[in-house]
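Written out below as structure tokens is the structure these notes cover.
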Amino acid sequence: MPVTPLPQLRAALPRHARLIGLDPGSKIIGIALSDVLLMLASPYAALPRGKLAPTAAEIRRIAEKEGAGGLVCGLPLGMDGSFGPAAQAAKDWAMAVSDTTGLPVALWDERLSSSAVNRMMIEADLSRAKRAKAVDAAAAAYMLQAALDATRG
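Given below as structure tokens:
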């Protein structure tokens, strides 16, 4: 499935369908979920990054369980906004997940989302162990919230 611009993805969603935010790291995939009004993103889960088929099956299961109609995948652009190898890998992975799940996907700039979330967790005095367990899903929520805010009508 081709990548869909986020405003078009939002407009094409059925009424009360949610969006799933994905922050694909090298070891862990952070997952976030929007509310049915597409106003608020919340951390949902973190999956170990493995083979595409089981990962996509789990994302599809979450989509069916939670009523999600689309995916927003983090795009790690360079600090100068350039589209480098990491961004290409994330785009390819997002398109493969979209093809496998049958869900449309949009990409969203996720530069510094994990850093911002880590900083907030440090300021909240969370231990390193607690941060490690929560940062991936929280970074996905941070990215999805930015996408929702930027495309709100």
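Numbering (our numbering), first residue to last: 243 to 395. Every residue, glycine too, gets a C-beta built ideally from N, C-alpha and C. Predicted model, so just to flag it, every value in this text is computed and none were measured.
- The Cβ-Cβ distance between valine 339 and leucine 313 falls below 8 angstroms.
- Close CB contacts of glycine 326 within its chain, under the 6 angstroms cut and outside five residues either way in sequence, are with Gly320 (chain order).
- Per DSSP, arginine 257 is not a residue of any beta strand (DSSP E), being assigned neither H nor E.
- The Cβ neighbour count for methionine 385, taken over all protein chains shown within 10 Å, is at least 16; the residue is labelled buried.
- Rounded to the nearest whole angstrom, the C-alpha separation of alanine 328 and threonine 393 is 24 angstroms.
- Ranking Arg302, Leu390, Leu289 by CA distance to the CA of aspartate 265 puts Leu289 first.
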